[in-house]
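Protein chains in written order, with our numbering: chain A, 1 to 268; chain B, 1 to 297.
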């Protein structure tokens, strides 16, 4: 049994939906593979915690709608994927994924359990993943298959071998849709200054409360940091093996985080 | 004719004197009116604290200057530029919080409060001012200074953590011994003179970094800029391993360094790795597109 096999059968095993025919192989692999062992431990913990949640603590429907909209806007999922998922959903189930398991729908239980954390993670990392894999597919193919997470049903892109900690800002900065549905431009071609991301617009909106000159100051700094990020990202895309350049990319994102933090401190 | 000229000159002199007097009177009046309008006032607060006190001063607009005082006393002198701002002060044991409280309609001028603070030398200090300047001298407690545009000056501190964050404000540290230093600025310049310690981190996005010192003995020094230049000035007998790399810029060294193995690929003109002396300290100078110079004093 390989890591991929473990990822495939794990939801069924944890749901108790499997007949357990492959349990010996599964156990043997998990004992010998620290990555899968960690994965199983994590998922058991998630499942345990999730069962503690009361139905009343579920996020409101608008949360799921917004997540779906965000995924769609980022080009990470397509309408067909969402609608297909919706059509597979049992009629008796609500129109949104569930955090709390519902008897009789084991597949959906795990889909939902995975969707919540994965959606958040993918929102953060997706753009980077896609642009990274698009520009340097040969590197991605040579790298080991990711073992830490399993791809959720509605997410077409796989998790990268290693996602820099700075990826969240990347989502906002560079649209990730390789098909260009949202007018996205691949990072390597992103020489022109793109429109501000949603989070940057929100950031500027907030700092506007400090006055027009302050807003202008922060906007200038934000533009400069974003320009540095674009510049470095483009270089990294051209030179994926340059570890130091990748470190500079992370540094640039940390600069952006610092800018946000300074603004936040001032507003508070 | 001559007497007429003398009279004209005398008359012109009288007129000039009169104009000067008028200007002076006007200036005094304007100053008085301005002072009255801003209603500047000075207040003093005194606190008694135990060892290792924690003192925080937070002002949106204004300077904060902190120096080492005596024993167990904290003395805060606040100069308020108008009635549009108040000073909130709170003591909980040895923790003291001082903050400017802007009232309705306060702006950068009327909301300004300048602080002069004397604290026990071992106190932990947290300062925040948007426009600064921030100044700290002769302490050995941990320091955290944050400011948006604030100029930051820290001098003669030792055996402490020093954390500084600014957006644009330039940062200068001088005479920091045995410090654990972490500096981050988005576009401000960083000047470090005689700064040594087990860890010295300096990071600027667009600013420059200058270091003048001997890199101590046994410390980690990491200076990083994105587009800014880095210039390090060290004595001939420096004892350090240097790793210097600019992705798109140029690097230069005056030192006859001994080659040293590196896991990174070295490219002539844009990177070098080498040791000087016993290589007691590790020095990493990195820039994405700036120029890096390692100069011998």
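Cβ atoms here follow ideal geometry from the backbone N, Cα and C, with glycine treated the same way.
Work out the CA separation of residue j and residue i for me, nearest whole Å.
| i | j | result |
| --- | --- | --- |
| residue 145/B | residue 158/B | 16 Å |
| residue 144/A | residue 236/A | Because residue 144/A sits at a pLDDT of 38, beneath the cut-off of 50, its placement in the model cannot be relied upon, and the point is left open. |
| residue 116/A | residue 1/A | Summary for residue 116/A: the model assigns pLDDT 38, below 50, so the residue's position carries little reliability, and this model does not support an answer. |
| residue 211/A | residue 204/A | 11 Å |
| residue 240/A | residue 147/B | 36 Å |
| residue 224/B | residue 232/B | 12 Å |
| residue 255/A | residue 245/B | 19 Å |
| residue 208/A | residue 41/A | 46 Å |
| residue 198/A | residue 244/A | 29 Å |
| residue 270/B | residue 197/B | 28 Å |
| residue 56/B | residue 10/A | 52 Å |
| residue 150/B | residue 194/A | 31 Å |
| residue 229/B | residue 28/A | 55 Å |
| residue 238/A | residue 179/B | 39 Å |
| residue 31/A | residue 7/A | 15 Å |
| residue 218/A | residue 196/A | 13 Å |
| residue 265/A | residue 33/A | 44 Å |
| residue 201/A | residue 233/A | 21 Å |
| residue 321/B | residue 199/B | Look at the range of chain B in this structure, 1 to 297, and you will see that residue 321/B is not part of it. |
| residue 42/B | residue 110/B | 14 Å |
| residue 23/A | residue 44/A | 16 Å |
| residue 226/A | residue 91/B | 42 Å |
| residue 213/A | residue 106/B | 16 Å |
| residue 246/A | residue 104/B | 47 Å |
| residue 263/A | residue 267/B | 39 Å |
Short of 7 Å in beta carbon distance, which residues of its chain neighbour residue i, apart from the five on each side in sequence? Order them along the chain.
| i | result |
| --- | --- |
| residue 188/B | 166, 168, 169, 170, 171, 204, 207 |
| residue 258/B | 274, 275 |
| residue 222/B | 201, 284 |
| residue 88/B | 99, 101 |
| residue 279/B | 239, 240, 241 |
| residue 209/B | 190, 202, 223, 225, 228, 230 |
Excluding five sequence neighbours on each side, which residues of the same chain lie with their C-beta closer than 8 Å to the C-beta of residue i?
| i | result |
| --- | --- |
| residue 277/B | 237, 238, 239, 240 |
| residue 108/B | 61, 131 |
| residue 52/B | 94, 122, 123, 124, 141 |
| residue 235/B | 214, 296, 297 |
| residue 71/B | 120 |
| residue 228/A | 252, 255 |
Would you check if the distance between the CB atom of residue i and the CB atom of residue j is smaller than 7 Å?
| i | j | result |
| --- | --- | --- |
| residue 47/B | residue 96/B | yes |
| residue 216/B | residue 155/B | no |
| residue 44/B | residue 77/B | yes |
| residue 134/B | residue 152/B | yes |
| residue 272/B | residue 247/B | no |
| residue 298/B | residue 290/B | A question about residue 298/B goes unanswered here, because the residues of chain B that appear run from 1 up to 297. |
| residue 74/B | residue 113/B | no |
| residue 164/B | residue 183/B | yes |
| residue 259/A | residue 221/A | yes |
What does DSSP give as the partner residue(s) for residue i in the beta ladder?
| i | result |
| --- | --- |
| residue 117/B | 66/B, 76/B |
| residue 273/B | 243/B |
| residue 204/B | 185/B, 225/B |
| residue 259/B | 274/B |
| residue 86/B | 101/B |
| residue 293/B | 231/B, 252/B |
| residue 164/B | 145/B, 183/B |
Can you pull the chain E neighbours of residue i, defined as C-beta to C-beta under 7 Å?
| i | result |
| --- | --- |
| residue 262/A | Going by chain labels, chain E is absent from the structure shown, which instead holds the protein chains A and B. |
Counting only the same chain and skipping the five closest in sequence on each side, list residues whose C-beta sits under 6 Å from that of residue i.
| i | result |
| --- | --- |
| residue 293/B | 231, 252 |
| residue 173/B | 154, 192, 195 |
| residue 254/B | 295, 296 |
| residue 212/B | 193, 233 |
| residue 261/A | none |
| residue 185/A | Its pLDDT being 36, under 50, residue 185/A is placed unreliably in this model, and the coordinates cannot settle the point. |
| residue 59/B | 100, 113, 129 |
| residue 161/B | 142, 180 |
| residue 176/B | 157, 195 |
| residue 243/B | 273, 284 |
Given the structure, does residue i come close to the ligand GTP, in the sense that its CB is under 6 Å from one of the ligand's heavy atoms?
| i | result |
| --- | --- |
| residue 24/A | Within the structure as shown, the ligand GTP is missing, as the structure has no ligands at all. |
Q | Stretch pair the region 61 to 73 of chain B + the region 102 to 121 of chain B: three plus CB contacts closer than 8 Å | A | In this structure the region 61 to 73 of chain B touches the region 102 to 121 of chain B; the number of beta carbon pairs closer than 8 Å is three or more.
Q | Touch test, the region 81 to 95 of chain B against the region 127 to 135 of chain B, Cβ-Cβ under 8 Å, three pairs minimum | A | Taking one beta carbon from each stretch, the region 81 to 95 of chain B and the region 127 to 135 of chain B have fewer than 3 pairs nearer than 8 Å; the two do not touch.
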